[in-house]
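Peer 1: Chains as they are written, first to last, in my numbering: chain A, 65 to 408; chain B, 65 to 408. For each residue, glycine too, the CB sits at the ideal point set by N, CA and C. Below is one structure. I have some questions about it.
Protein chains: 2
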Amino acid sequence: MATLKQVAAHAEVSVQTVSNALNAPHRLRPDTLQRVTRSIELLNYRPNRNARSLRTSAVELIGYCVPSWPDGQAHLVMDQFLHALCTAAETSGRHILLFTAPTGVDGMLVYDDLHARRLVDGFVLSQTETHDPRHGWLKEQQIPFVSFGRVWKESTQPGPWVDVDGAAGCAAAVRHLYETGRRRIGFLSWPKISGLAEDRLSGWRTACRELGLPHDAKLAVRCPEDTIDAGAQATAELLDADQPVDAIVAISDILALGALRELNRRGLRAGIDLGITGFDDSPLASVVSPALTSIRQPMDQIATELIDILTGPATDATGNGDTRPSTERLLEPEVVIRGSSGPG
Amino acid sequence: MATLKQVAAHAEVSVQTVSNALNAPHRLRPDTLQRVTRSIELLNYRPNRNARSLRTSAVELIGYCVPSWPDGQAHLVMDQFLHALCTAAETSGRHILLFTAPTGVDGMLVYDDLHARRLVDGFVLSQTETHDPRHGWLKEQQIPFVSFGRVWKESTQPGPWVDVDGAAGCAAAVRHLYETGRRRIGFLSWPKISGLAEDRLSGWRTACRELGLPHDAKLAVRCPEDTIDAGAQATAELLDADQPVDAIVAISDILALGALRELNRRGLRAGIDLGITGFDDSPLASVVSPALTSIRQPMDQIATELIDILTGPATDATGNGDTRPSTERLLEPEVVIRGSSGPG
DNA sequence: CTGAAAGCGCTTACAG
DNA sequence: CTGAAAGCGCTTACAG
Numbered sequence: 065m066a067t068l069k070q071v072a073a074h075a076e077v078s079v080q081t082v083s084n085a086l087n088a089p090h091r092l093r094p095d096t097l098q099r100v101t102r103s104i105e106l107l108n109y110r111p112n113r114n115a116r117s118l119r120t121s122a123v124e125l126i127g128y129c130v131p132s133w134p135d136g137q138a139h140l141v142m143d144q145f146l147h148a149l150c151t152a153a154e155t156s157g158r159h160i161l162l163f164t165a166p167t168g169v170d171g172m173l174v175y176d177d178l179h180a181r182r183l184v185d186g187f188v189l190s191q192t193e194t195h196d197p198r199h200g201w202l203k204e205q206q207i208p209f210v211s212f213g214r215v216w217k218e219s220t221q222p223g224p225w226v227d228v229d230g231a232a233g234c235a236a237a238v239r240h241l242y243e244t245g246r247r248r249i250g251f252l253s254w255p256k257i258s259g260l261a262e263d264r265l266s267g268w269r270t271a272c273r274e275l276g277l278p279h280d281a282k283l284a285v286r287c288p289e290d291t292i293d294a295g296a297q298a299t300a301e302l303l304d305a306d307q308p309v310d311a312i313v314a315i316s317d318i319l320a321l322g323a324l325r326e327l328n329r330r331g332l333r334a335g336i337d338l339g340i341t342g343f344d345d346s347p348l349a350s351v352v353s354p355a356l357t358s359i360r361q362p363m364d365q366i367a368t369e370l371i372d373i374l375t376g377p378a379t380d381a382t383g384n385g386d387t388r389p390s391t392e393r394l395l396e397p398e399v400v401i402r403g404s405s406g407p408g
Numbered sequence: 065m066a067t068l069k070q071v072a073a074h075a076e077v078s079v080q081t082v083s084n085a086l087n088a089p090h091r092l093r094p095d096t097l098q099r100v101t102r103s104i105e106l107l108n109y110r111p112n113r114n115a116r117s118l119r120t121s122a123v124e125l126i127g128y129c130v131p132s133w134p135d136g137q138a139h140l141v142m143d144q145f146l147h148a149l150c151t152a153a154e155t156s157g158r159h160i161l162l163f164t165a166p167t168g169v170d171g172m173l174v175y176d177d178l179h180a181r182r183l184v185d186g187f188v189l190s191q192t193e194t195h196d197p198r199h200g201w202l203k204e205q206q207i208p209f210v211s212f213g214r215v216w217k218e219s220t221q222p223g224p225w226v227d228v229d230g231a232a233g234c235a236a237a238v239r240h241l242y243e244t245g246r247r248r249i250g251f252l253s254w255p256k257i258s259g260l261a262e263d264r265l266s267g268w269r270t271a272c273r274e275l276g277l278p279h280d281a282k283l284a285v286r287c288p289e290d291t292i293d294a295g296a297q298a299t300a301e302l303l304d305a306d307q308p309v310d311a312i313v314a315i316s317d318i319l320a321l322g323a324l325r326e327l328n329r330r331g332l333r334a335g336i337d338l339g340i341t342g343f344d345d346s347p348l349a350s351v352v353s354p355a356l357t358s359i360r361q362p363m364d365q366i367a368t369e370l371i372d373i374l375t376g377p378a379t380d381a382t383g384n385g386d387t388r389p390s391t392e393r394l395l396e397p398e399v400v401i402r403g404s405s406g407p408g
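Encoded structure:
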């Protein structure tokens with residue numbers, strides 16, 4: 065492996081000049097730059113990142129904790145998210161370092177260690193939970209981070225975040241179903257009350273109200289778990305009611321698949337007799353028939369914003385200016401229309 | 065951040081002794097060790113990894129290229145694999161660095177760069193394809209790597225690998241179905257001929273032959289794509305044949321889900337009227353009803369073996385001893401029995 | 001525009 | 001068992 069010194073000797077300049085050729089080429093005279101560049105190519109020189117990091121104390125590595133399954137819904141799009149995150153990181157010359165950690169506050173030792181030993185510059189958090197302790201802790205330690213997902217139920221959100229407007233997504237799904245002629249739209253939700261679920265539910269409720277559609281509590285079913293079975297059962301309820309629904313907005317693709325199955329069982333046709341939509345546009349959505357209309361989170365944009373915020377000018381690195389507003393970005397999801405919600 | 069020097073001053077020893085306390089504690093006298101350890105704790109010292117790596121030229125980081133979807137089957141268990149890989153890496157004091165690269169030989173520039181700039185010590189490869197160029201290239205460059213999955217159709221497999229015995233898995237599924245009384249077992253396969261598909265198919269064929277069951281070509285259907293629809297259609301074929309099958313071994317969970325749907329549509333009960341098995345034990349398997357019997361790859365063991373091989377004594381670092389056999393580990397998958405193949 | 005020198009925080013032969 | 005010293009390969013004020 066060639067070193068800076070060898071390149072310098074070869075190009076007959078000082079190491080400083082070679083370093084500048086790489087990091088501040090405008091400082092060199094064109095002819096010098098060209099000569100150095102030639103030597104770099106000839107010797108196939110690659111700067112040693114460890115040496116650079118030792119000097120600059122920046123590793124250009126971003127930590128991401130791989131969520132441990134079983135977590136239900138989220139991991140069906142995890143590879144999409146990771147791919148987007150990697151790509152965004154690489155665009156800014158960085159990479160993603162993966163690690164595992166216990167959930168809750170116990171895991172913070174791992175985060176702290178990774179940062180203290182300078183394996184990473186900062187963290188991207190996801191799988192944010194209601195009352196997630198990580199954000200507050202990292203902020204207190206002044207360790208750079210950005211969160212995908214808000215910490216719900218907190219009076220103040222610690223630190224910067226990027227999130228998708230679930231309410232807007234569900235509202236858009238309702239409007240889409242309305243436009244295809246549906247007038248009684250049910251909602252399939254999750255069991256435990258979470259900020260995420262309430263957010264999406266509220267979007268359904270608001271849109272129905274605005275369109276003059278029914279939106280009473282009976283139309284929103286909390287499924288006991290995020291499975292196809294539970295989705296099918298809840299769908300059966302909604303179909304067997306005195307006034308059956310003619311469309312269903314599901315809070316996840318899995319539940320929507322359950323709805324699809326129940327329709328199938330009854331000889332009803334999704335997209336014709338009823339409209340069905342899911343959430344996440346997971347790989348499953350395009351694998352069923354009719355394919356599932358689903359609400360897609362803009363993964364690439366999410367990832368880009370996350371990296372932008374994390375690598376941008378430090379929000380609060382000094383500890384002063386604490387009152388400065390955190391960086392917060394709420395992105396719009398998109399309804400990907402497929403067969404299950406009709407031709408429109 | 066405390067440094068080695070500061071700890072040394074605090075403990076009133078040389079930096080060398082502190083370093084030894086961390087890396088070779090047996091060299092210190094117990095009382096010295098204790099004193100140093102106390103100083104380390106008091107100052108909350110964490111060794112700077114970049115400095116260490118610069119010195120030792122080992123970064124303790126393993127590169128893994130995130131596969132770009134859509135790739136069909138594999139990404140449903142990607143998070144399981146990543147989690148296992150991370151855990152195994154951490155057990156050996158290492159971490160996973162994620163990156164993206166173009167497929168094929170173009171991507172090798174990325175691999176080379178990552179290694180040359182010392183961002184990683186080596187690579188774990190997965191999504192191995194027939195005629196995958198990466199293995200040969202990395203071997204030639206003497207860049208450490210280990211592959212999850214064999215390069216099929218090569219006369220000699222370049223470099224060490226870990227793989228799962230797909231044939232054994234499918235054979236086990238056939239035997240399991242036989243034990244639950246099935247006597248005419250179909251096979252659902254993929255469109256393009258790949259080493260992976262042929263391997264699994266051969267397991268079905270061999271087991272059927274050994275049990276005296278039919279295994280003619282008509283019983284093995286190549287689905288045009290890895291979707292629920294395709295699986296359902298192929299299942300319909302197998303059921304409408306002159307001699308209908310009473311069980312189906314599917315090469316993927318998705319295809320098995322298609323089989324389940326087709327049975328459902330016909331009023332047939334999986335696990336009672338027919339036995340169905342999938343492959344990969346993806347999150348989907350436990351989310352349907354009846355839950356899907358599926359062949360599970362031992363992810364934790366795979367990951368452990370991969371890291372063991374990669375971090376073990378260099379197989380061929382010197383370039384001599386080229387004839388030494390590569391490290392190769394073929395692991396047994398496990399049939400996870402659920403409702404879709406009957407109570408047994 | 002270019003160069004000589006110090007230093008980032010470790011580890012590792014080498015002496016004592 | 002312990003210590004003084006060199007060096008891993010860079011970057012960065014500081015002079016010239």
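(1) In chain B, which residues lie with their C-beta within 7 Å of the C-beta of Asp293 (chain A)?
(2) Using three-state DSSP, classify Gly223 (chain A) as helix, strand or coil.
(3) Which residue from B:Met172, B:Val228, B:His90 puts its Cα closest to that of Cys129 (chain B)?
(4) Is it true that the stretch 179-188 of chain B meets the stretch 109-126 of chain A, where meeting means three or more beta-carbon pairs spaced less than 8 Å apart?
(5) Could one say the Cβ of His74 (chain A) lies closer than 8 Å to chain B's Cβ atoms, at least one of them?
(6) Would you say Gly408 (chain A) reaches chain B, if we count a Cβ-Cβ gap shorter than 8 Å as a contact?
(7) Does DSSP classify Arg333 (chain B) as helix, strand or coil?
(8) Exposed or buried, Arg402 (chain B), counting other C-beta atoms within 10 Å across all chains shown (16 or more means buried)?
(9) Note down, in chain order, all residues in the stretch 161-185 of chain A with a beta-carbon under 7 Å from any beta-carbon belonging to chain B.
(10) Count the other CB atoms within 10 Å of the CB of Gly245 (chain A); is the residue buried (16 or more) or exposed (fewer)?
(11) Go through its chain and collect everything with a Cβ distance to Ile160 (chain A)'s Cβ below 7 Å, but skip five positions before and after it.
(12) Which residues in the same chain as Gly431 (chain A) place their Cβ atom closer than 8 Å to its Cβ, once the five residues preceding and following it in sequence are excluded?
(13) Please report the straight-line C-alpha distance between His279 (chain A) and Asp263 (chain A), rounded to a whole angstrom.
(14) Closest Cβ-Cβ distance between Ile257 (chain B) and chain A: below 8 Å?
(15) Using a 10 Å radius around the Cβ and a threshold of 16 neighbouring Cβ atoms, would you call Ile318 (chain B) buried or exposed?
(16) DSSP three-state label for Arg393 (chain B), please.
(17) Quick one: Cα of Gly339 (chain A) to Cα of His240 (chain B), how far?
(18) Quick one: is Pro94 (chain B) near chain A, going by C-beta distance under 8 Å?
(19) Where DSSP assigns a beta bridge to Val400 (chain B), which residues make up the other side?
(20) Could you give the first and the last residue of the continuous alpha helix (DSSP H) run that contains Thr151 (chain A)?
(21) Buried or exposed, going by whether 16 or more other CB atoms sit within 10 Å of the CB of Ala88 (chain B)?
(22) Quick check: the Cα distance between Asp176 (chain A) and Asp304 (chain A), rounded to an integer number of angstroms?
(23) Among B:Pro222, B:His147, B:Glu301, B:Leu324, which one has its Cα closest to the Cα of Val351 (chain B)?
(24) Measuring only the C-alpha atoms, how far is Val188 (chain A) from Glu392 (chain A)?
(25) Using a Cβ cut-off of 7 Å, pull out every chain B residue sitting near Arg110 (chain A), in sequence order please.
(26) In the DSSP assignment, what residue or residues form a beta bridge with Thr341 (chain B)?
(27) With a threshold of 8 Å between beta-carbons, can Met363 (chain A) be considered close to chain B, or not?
(28) Going by DSSP, what residues sit across from Cys129 (chain A) in a beta bridge?
(29) So Thr96 (chain A) packs on Val77 (chain A), CB below 8 Å; how close in whole Å?
(30) With a cut-off of 8 Å, do at least 3 Cβ pairs link the stretch 266-284 of chain B to the stretch 327-338 of chain B?
(31) Residues of chain A with CB closer than 9 Å to the CB of Cys287 (chain B), please, in chain order.
(32) Going along the chain, which residues of its own chain have a beta-carbon closer than 6 Å to the beta-carbon of Ile373 (chain A), five neighbours each way excluded?
(33) Is the beta carbon of Thr357 (chain A) sitting closer than 8 Å to the one on Val400 (chain A)?
(34) Do you know how far the Cα of Val100 (chain A) is from the Cα of Pro347 (chain B)?
(35) Return the residue from the list A:Val226, A:Gly200, A:Val71, A:Leu118 that minimises the CA-CA distance to Ile371 (chain A).
(36) Where are the alpha helix (DSSP H) runs, 4 residues long or more, that stay fully inside the stretch 184-239 of chain B, in chain order?
Peer 2: Taking the geometry as given:
(1) Using a Cβ-Cβ cut-off of 7 Å, Asp293 (chain A) is close to Ser353 of chain B, given in chain order.
(2) When DSSP states are grouped into helix, strand and coil, Gly223 (chain A) belongs to the coil group.
(3) Closest option to Cys129 (chain B), Cα to Cα, is B:Met172.
(4) The stretch 179-188 of chain B is in contact with the stretch 109-126 of chain A.
(5) Not closer than 8 Å to any Cβ of chain B, the Cβ of His74 (chain A) fails to qualify, so no.
(6) For Gly408 (chain A), the predicted model reports a pLDDT of 47, less than 50, meaning its position is unreliable and no value from the coordinates is stated.
(7) Coil, per DSSP.
(8) Note on Arg402 (chain B): 16 or more other CB atoms within 10 angstroms of its CB, so buried under the neighbour-count rule.
(9) Those residues of the stretch 161-185 of chain A that come within reach of chain B (Cβ to Cβ, closer than 7 Å) are Leu161, Leu162, Phe163, Thr164, Asp177, Ala180, Arg181, Arg182, Leu183.
(10) Gly245 (chain A) counts as exposed, since fewer than 16 other beta carbons sit within 10 angstroms of its beta carbon.
(11) These residues qualify, in order along the chain: Ile126, Tyr128, Leu149, Cys150, Ala153.
(12) The structure shown does not extend to residue 431 (chain A), since chain A spans only 65 to 408, so no value can be given for it.
(13) Here the alpha carbon of His279 (chain A) sits roughly 15 Å from the alpha carbon of Asp263 (chain A).
(14) No, no contact with chain A.
(15) It is buried - the Cβ of Ile318 (chain B) has at least 16 other Cβ atoms within 10 Å.
(16) In the structure shown, Arg393 (chain B) sits in a strand (DSSP, three-state: E or B).
(17) Distance between the alpha carbons of Gly339 (chain A) and His240 (chain B) is about 40 Å.
(18) It does not; no Cβ of chain A falls within 8 Å.
(19) In the DSSP assignment, the residues bridged to Val400 (chain B) are B:Ser358.
(20) According to the DSSP assignment, Thr151 (chain A) belongs to the alpha helix (DSSP H) that extends over 142-155.
(21) With fewer than 16 other CB atoms across the displayed protein chains lying within 10 angstroms of its CB, Ala88 (chain B) is exposed.
(22) C-alpha separation (whole angstroms): 54 Å.
(23) Answer by Cα proximity: B:Leu324.
(24) The straight-line gap separating the alpha-carbon atoms of Val188 (chain A) and Glu392 (chain A) is approximately 14 Å.
(25) Under the 7 Å cutoff, chain B gives Asp177, Ala180, Arg181.
(26) Answer is B:Val313, B:Thr357, bridged to Thr341 (chain B).
(27) Taking Cβ atoms only, chain B never reaches closer than 8 Å to Met363 (chain A), which makes this a no.
(28) BP columns for Cys129 (chain A) point to A:Phe163.
(29) Yes, they are in contact, since the Cβ atoms of Thr96 (chain A) and Val77 (chain A) sit about 7 Å apart, within 8 Å.
(30) Cβ pair count under 8 Å is below three, so no.
(31) Identification of chain A residues near Cys287 (chain B) by a Cβ-Cβ cut-off of 9 Å yields none; the smallest Cβ-Cβ distance measures about 12 Å.
(32) Contacts found: Val210, Pro224, Thr391.
(33) Yes, the Cβ-Cβ distance between Thr357 (chain A) and Val400 (chain A) is below 8 Å.
(34) Looking at the two C-alpha atoms, the distance is approximately 54 Å.
(35) Residue A:Val226 is the option with its Cα nearest to Ile371 (chain A).
(36) As far as the stretch 184-239 of chain B is concerned, its whole alpha helix (DSSP H) runs of at least 4 residues are 198-204.
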